[in-house]
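As structure tokens, the structure follows; a few thoughts come after it.
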Amino acid sequence: MITVTSRPDLFGQAAQEFDRAFSGDGAPRPFAERRQTARDHFAALGLPTKKLEAWKYTDLRPALKEDYAFLHGDGTSQIDAADLDRFAIPGLGGDAGVARLVVVNGAIVPGLSDLGAMPEGVTVGSLREAAEAGDSVITEYFGRFTETEHDAFAALNSAFDLDGYFVHVPKNTEVETPLHVIHLVEHDGPAFVQTRHLIVAEDNARVRVVESYVSLADNSRQFGNHLTEIAAGPGSNVRHVRIQDEGETAHQVTTVNVYQDRDTEVSTHTFTFASGTVRNNTAAALDGPGSNHIVGGLYILHGSQHVDTHTLIDHQAPSCESNELFKGIVYDKSTGVFNGKVYVARPAQQTNAYQQSQGVVLSPDAKHFSKPELEIYADDVKCSHGSTTGAIDKEALFYLRARGISYEDARALLLYAFAHDVVEELEDEALQAYLDARIATRLK
Amino acid sequence: MSLLSVQNLHAQVEDGPEILHGLSLEVNPGEVHAIMGPNGSGKSTLGYVLAGRDDYEVTDGSVTFKGEDLLEMGPEERTRDGLFLAFQYPVELPGVSTMQFLRTAVNSIREHKGEPEMPVGDFLKLMREKADFVNLDHKLMQRAVNEGFSGGEKKRAEIFQMAMLDPQLAVLDETDSGLDIDALRIVSDGVNKLRSQDRSFIVITHYQRLLEYIVPDYVHVLVDGRIVRSGGKELALELEEKGYDWIKQEAAVAA
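Keeping their order, the protein sequence lines are chains A and B. Using the numbering used here, read the first sequence as starting at 39 and increasing by one per residue. Using the numbering used here, read the second sequence as starting at 16 and increasing by one per residue.
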């Protein structure tokens, strides 16, 4: 077991020990060179501090104070499969059914997973296993869309021989069955866990992935560093949804890097409920004409939760569209941060890029920061951004109360409507219902 | 005992100038009172103060509803107790489903009366019945509250909501404004059907036109935050004929 303390330099040390532990079996590890480079990058960068512009509002030090043990799951677990049913999304996938992958301590646990509903021809499974088997798709795509030189957590993630899910959908294959990935930590005491995921959709392929980051215990102390890469080939459609609901002592840094070829549609949504300090980075590169990226998120924060969302929509090709909608509801002493950048390169004419960030602040001690950024080098584009932060509409509140509805119920009705906007962007009705129900319990 | 008793009411918009300067009004069960007055006379302020909007401040006087101090109650308590304000400008609530809104409202009032929640089937039936009251398209129930409703639909929806909540005292704040003659007739018919011995109305309006359809028992003229003249329904006709200037001058002389 490797122990990591709060001193950031020890993360680098842990990285080395981790690497040694994994090469102990003498087997050659895939991407050894890439990992070494990432480790060097991490060593050079160290952990980010508030001095960096990109981390201005988020101080990770309190979250890193724990004496974390660095977990590397071995594909087994003591968890009873029946205990996982409460994390299921009832009705997800409808008639097509749902495939389930369970990740414990950063590794896929086949014994708890059920991929029976997945049609043939689609590869779904452990990224580590597929990499070790020399899967050519992984060789081609792994790490290709992730930059580690300036991103400490992406570097840290890339430095290790990690596991996570790997989804490969071949040409012209439309997968109706969604993949539901359930992430859990099984450990007494503070735990640091990393996962690495890769979704590759080839030409005209279609696939949906829903990830739940959840806990068996209410107050499990953990820090996660998760990275997902999505490669969307020409004409493909990928929908990715994440639910972060691990409890208030669970911290996360997540990165989703998307690459889109021509005529693709990719959506990435993040719903954050019970969490500690969370930083979510989503970057999408629109590299082929006629593509669309939809990025959205909702966070409902209590206590001293802190959720920092960074997005970068990189329009490189002409005639693409991006739609961005993030909403936050902050109670108590919680903090929401939104920083969204839309970049439109010179060749990306006829770009339509829309960005919207809205925060509702419900306590004098709660904070919401919103910073939209547009950087446009093409001259024939439609770009807009709107950013509002405020209290609940008093007029609407009075109207509801004047119909006999209590202040609390009126507030909940309005907040629910506000939050549901983001849910409505999702196609799956069962998923919508699941999220709506969770939203209702988070509103107070 | 009167249903509503307003005594020497002074009110202002929070931190603003005083708008109502000592208004008094008695409403008995079953009566329809019209409050008429020029723009800026305080008509809507009266509606808001009665309904309990919290950016209006009462600085003097009293309001008693069913023998209780109305001003001590929050807006929802007033409604649960039987008061209803039909808004001049009904608020659009994007994303709030009309059904859920009305069910919450109806059940809040039932709970206050010690009645159990209304079964969904009964609720839907009641909704259809009351919507037909004001010729309100049932499809509008599938939308968010007032969202994308035309001006006339919004006003009809207010009367529909009133019918759903079954108040003892309804305050209609310029429900006629912006309505064409057909819509006005529909809205008035709806109100007239709800008239009863136990239900009273305060009809706030700028124009006499509405009062041709909803015939009041009493007409009060509000000028500069005071009722300067009260009379029967014929007072409305007199105002229609002579305009407000005449009564404003009288009021100025009297002051």
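Think of the CB as a built atom: it goes at the ideal place given N, C-alpha and C, for glycine as much as any other residue.
Residue interval of the alpha helix (DSSP H) (run including residue i)
{"i": "valine 218 of chain B", "result": "Premise fails: valine 218 of chain B lies in the beta strand (DSSP E), 215 to 220, not in any alpha helix (DSSP H)."}
{"i": "glutamine 176 of chain B", "result": "166 to 180"}
{"i": "proline 109 of chain B", "result": "Where proline 109 of chain B is concerned, there is no enclosing alpha helix (DSSP H), although the beta strand (DSSP E) it sits in stretches over 108 to 112."}
{"i": "histidine 225 of chain A", "result": "Counting along the chain, histidine 225 of chain A falls outside any alpha helix (DSSP H), and DSSP gives it neither H nor E."}
{"i": "glycine 428 of chain A", "result": "No alpha helix (DSSP H) holds glycine 428 of chain A; the beta strand (DSSP E) holding it covers 419 to 428."}
{"i": "tyrosine 437 of chain A", "result": "432 to 439"}
{"i": "isoleucine 176 of chain A", "result": "174 to 179"}
{"i": "aspartate 137 of chain B", "result": "135 to 148"}
{"i": "tyrosine 273 of chain B", "result": "This structure cannot speak to residue 273 of chain B, because chain B is shown only from 16 to 270."}
Reduced DSSP secondary structure (H/G/I, E/B, other) of residue i
{"i": "aspartate 13 of chain B", "result": "Lying before the first or after the last residue shown, residue 13 of chain B is absent from chain B, which here runs from 16 to 270."}
{"i": "methionine 51 of chain B", "result": "strand"}
{"i": "isoleucine 40 of chain A", "result": "Note that isoleucine 40 of chain A scores 40 on pLDDT, short of 50, meaning its location in the model is unreliable; the coordinates nonetheless yield the value given after this. Residue state, collapsed to three classes: coil."}
{"i": "isoleucine 127 of chain A", "result": "coil"}
{"i": "serine 151 of chain A", "result": "coil"}
{"i": "serine 253 of chain A", "result": "coil"}
{"i": "glycine 132 of chain A", "result": "helix"}
{"i": "glutamine 157 of chain B", "result": "helix"}
{"i": "isoleucine 477 of chain A", "result": "helix"}
{"i": "valine 230 of chain B", "result": "coil"}
{"i": "isoleucine 124 of chain B", "result": "helix"}
{"i": "serine 274 of chain A", "result": "coil"}
{"i": "leucine 122 of chain A", "result": "helix"}
{"i": "alanine 288 of chain A", "result": "strand"}
{"i": "proline 46 of chain A", "result": "With a pLDDT of 48 at proline 46 of chain A, under the threshold of 50, the predicted position of this residue should be treated as unreliable, though the coordinate-derived value follows. The answer is coil: DSSP assigns proline 46 of chain A none of H, G, I, E or B."}
{"i": "leucine 225 of chain B", "result": "helix"}
{"i": "aspartate 97 of chain A", "result": "coil"}
{"i": "asparagine 295 of chain A", "result": "strand"}
{"i": "asparagine 43 of chain B", "result": "coil"}
Supposed close pair residue i, residue j - CB separation, criterion 8 Å
{"i": "leucine 153 of chain A", "j": "alanine 137 of chain A", "result": "5 Å"}
{"i": "aspartate 301 of chain A", "j": "aspartate 325 of chain A", "result": "That pair is no contact at about 12 Å."}
{"i": "phenylalanine 261 of chain A", "j": "leucine 102 of chain A", "result": "7 Å"}
{"i": "leucine 464 of chain A", "j": "alanine 448 of chain A", "result": "Incorrect: roughly 26 Å between the Cβ atoms, too far for contact."}
{"i": "histidine 340 of chain A", "j": "tyrosine 369 of chain A", "result": "5 Å"}
{"i": "methionine 51 of chain B", "j": "leucine 237 of chain B", "result": "7 Å"}
{"i": "tyrosine 337 of chain A", "j": "glycine 314 of chain A", "result": "Between glycine 314 of chain A and tyrosine 337 of chain A the Cβ distance is about 13 Å, and since that is not below 8 Å, they are no contact."}
{"i": "glycine 163 of chain A", "j": "isoleucine 146 of chain A", "result": "7 Å"}
{"i": "aspartate 188 of chain B", "j": "glutamine 103 of chain B", "result": "4 Å"}
{"i": "proline 128 of chain A", "j": "alanine 468 of chain A", "result": "6 Å"}
{"i": "valine 47 of chain B", "j": "isoleucine 229 of chain B", "result": "7 Å"}
Any C-beta of chain B under 8 Å from that of residue i
{"i": "leucine 469 of chain A", "result": "no"}
{"i": "glycine 132 of chain A", "result": "no"}
{"i": "histidine 458 of chain A", "result": "yes"}
{"i": "tyrosine 437 of chain A", "result": "yes"}
{"i": "arginine 480 of chain A", "result": "no"}
{"i": "glutamate 433 of chain A", "result": "yes"}
{"i": "isoleucine 117 of chain A", "result": "no"}
{"i": "aspartate 403 of chain A", "result": "no"}
{"i": "leucine 452 of chain A", "result": "yes"}
{"i": "aspartate 474 of chain A", "result": "no"}
{"i": "serine 444 of chain A", "result": "yes"}
{"i": "valine 42 of chain A", "result": "Only weak support exists for where valine 42 of chain A lies, its pLDDT of 43 falling under 50; the value from the coordinates is given anyway. No, its Cβ sits nowhere closer than 8 Å to a Cβ of chain B."}
Beta bridge counterpart(s) of residue i as assigned by DSSP
{"i": "lysine 248 of chain B", "result": "None; lysine 248 of chain B has no bridge partner."}
{"i": "lysine 379 of chain A", "result": "A:Leu350, A:Glu411"}
{"i": "aspartate 281 of chain A", "result": "Per the sequence presented here, residue 281 of chain A reads as isoleucine, with aspartate not at that position. Isoleucine 281 of chain A is bridged to A:Ser250, A:Phe309."}
{"i": "glutamate 212 of chain A", "result": "A:Arg244"}
{"i": "phenylalanine 364 of chain A", "result": "A:Gly335, A:Ser395"}
{"i": "tyrosine 445 of chain A", "result": "Tyrosine 445 of chain A pairs with nothing; no bridge assigned."}
{"i": "serine 211 of chain B", "result": "B:Arg214"}
{"i": "threonine 190 of chain B", "result": "Threonine 190 of chain B is not bridged to any residue."}
{"i": "glycine 262 of chain A", "result": "A:Val231, A:Gln290"}
Below-8 Å beta-carbon distance, residue i vs any chain A residue
{"i": "glutamine 27 of chain B", "result": "no"}
{"i": "phenylalanine 113 of chain B", "result": "Checking the sequence shown, residue 113 of chain B turns out to be threonine, not phenylalanine. Taking Cβ atoms only, chain A never reaches closer than 8 Å to threonine 113 of chain B, which makes this a no."}
{"i": "alanine 120 of chain B", "result": "yes"}
{"i": "phenylalanine 102 of chain B", "result": "yes"}
{"i": "proline 109 of chain B", "result": "yes"}
{"i": "threonine 94 of chain B", "result": "yes"}
Span of the beta strand (DSSP E), counted from its first residue to its last, around residue i
{"i": "alanine 82 of chain A", "result": "Per DSSP, alanine 82 of chain A belongs to no beta strand (DSSP E); it is in the alpha helix (DSSP H), 70 to 83."}
{"i": "serine 408 of chain A", "result": "405 to 414"}
{"i": "glutamine 394 of chain A", "result": "389 to 399"}
{"i": "serine 20 of chain B", "result": "19 to 28"}
Anything in the stretch 59 to 84 of chain B with a Cβ closer than 9 Å to a Cβ of chain C? List those residues in chain order, please. As a matter of chain content, chain C is missing from the structure shown, whose protein chains are A and B.
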